[in-house]
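At position 152 of the sequence shown (counting the first as 1) the number is 427 in the working numbering, and the numbers step up by one without a gap.
Ideal Cβ positions, reconstructed from N, Cα and C, are used throughout, including at glycine.
Keep in mind the model is a prediction, meaning the values are calculated, not measured.
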Amino acid sequence: MTKTEEKEIIKKAKKSPDAFGAIFEQYYEPIFGYVLKRTGNVHSAQDIVSETFFKALDRLWQFRWQGVSISSWLYRIATNEINQYYRKRKKAHISIEELIEKSGIELQDEHDLIDEISRQEEELERAHQWRKARKYISELDKKYQEVLSLRFFEEKKINEISEILNKKEGTVKSLLSRGVAQLRGKMSKTQPNSQSRILDTRGATSPASEKS
Numbered sequence: 276m277t278k279t280e281e282k283e284i285i286k287k288a289k290k291s292p293d294a295f296g297a298i299f300e301q302y303y304e305p306i307f308g309y310v311l312k313r314t315g316n317v318h319s320a321q322d323i324v325s326e327t328f329f330k331a332l333d334r335l336w337q338f339r340w341q342g343v344s345i346s347s348w349l350y351r352i353a354t355n356e357i358n359q360y361y362r363k364r365k366k367a368h369i370s371i372e373e374l375i376e377k378s379g380i381e382l383q384d385e386h387d388l389i390d391e392i393s394r395q396e397e398e399l400e401r402a403h404q405w406r407k408a409r410k411y412i413s414e415l416d417k418k419y420q421e422v423l424s425l426r427f428f429e430e431k432k433i434n435e436i437s438e439i440l441n442k443k444e445g446t447v448k449s450l451l452s453r454g455v456a457q458l459r460g461k462m463s464k465t466q467p468n469s470q471s472r473i474l475d476t477r478g479a480t481s482p483a484s485e486k487s
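What follows is the structure, encoded as structure tokens:
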């Protein structure tokens, strides 16, 4: 989907909710993958992603097109929902089925969602070392969890993380550096040989050197 196409779809979706289906289908997979890696729980991830897109549709009128993909806005909503999830584990969530029914979203193939959920779950199971990394990341302060997850799980650039979290790029780089240092410290206590390999493969050694 080109930016021009996305702009037109958003314009239509503001008037007719069923047009939002194209946005849902385009970004469901990356948003679901991000949430799943942050929570490590498929059912919770489904609930959080459903609420993310429900709120995105409900607040679409607030979105102002500035030549940048709507994905950063969706990641921001998802991040807020993840934080809410950890604050209130018992919060009632909206299922994917309810989201589709209430919003009027029309999907090309609903079975694709089931396939994607299964694929993401299998991928999470295969990534044994990264499951361990997620565990250690979850023990850090929320501000470090956010930047580390976006950087190393989602492979977002500094400027993208800055936009998603609404923080200055310098702040993001600083949080990454401190977060990586703390993560290395935790992992080195139990995985002295693997922690460097896990972090280095995603370029964690020099976030400050990246050109945004």
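In terms of Cβ geometry, I306 and F329 do not form a close pair [threshold 9 Å]. Here L451 carries a helix assignment [DSSP, helix/strand/coil].
Taking a contact to require three or more Cβ pairs closer than 8 Å, the region 279–286 and the region 302–320 do not qualify as touching. Apart from sequence neighbours up to five positions away, the residues of its chain that approach F338 with a beta-carbon distance below 7 Å are I285, I345 and W348, ordered along the chain. Counting along the chain, K287 sits inside the alpha helix (DSSP H) bounded by residues K278 to A288. Counting other Cβ atoms within 10 Å of its Cβ, G296 reaches 16 or more and is therefore classed as buried. Going by DSSP, R351 is part of the alpha helix (DSSP H) stretching over S346 to R362. Annotation: D333 to K418 spans about 27 Å, alpha carbon to alpha carbon. Put simply, the backbone Cα of D416 is about 24 Å away from that of H318. Looking only at R313, I357, K290 and W336, the smallest Cα-Cα distance to I412 is reached by R313.
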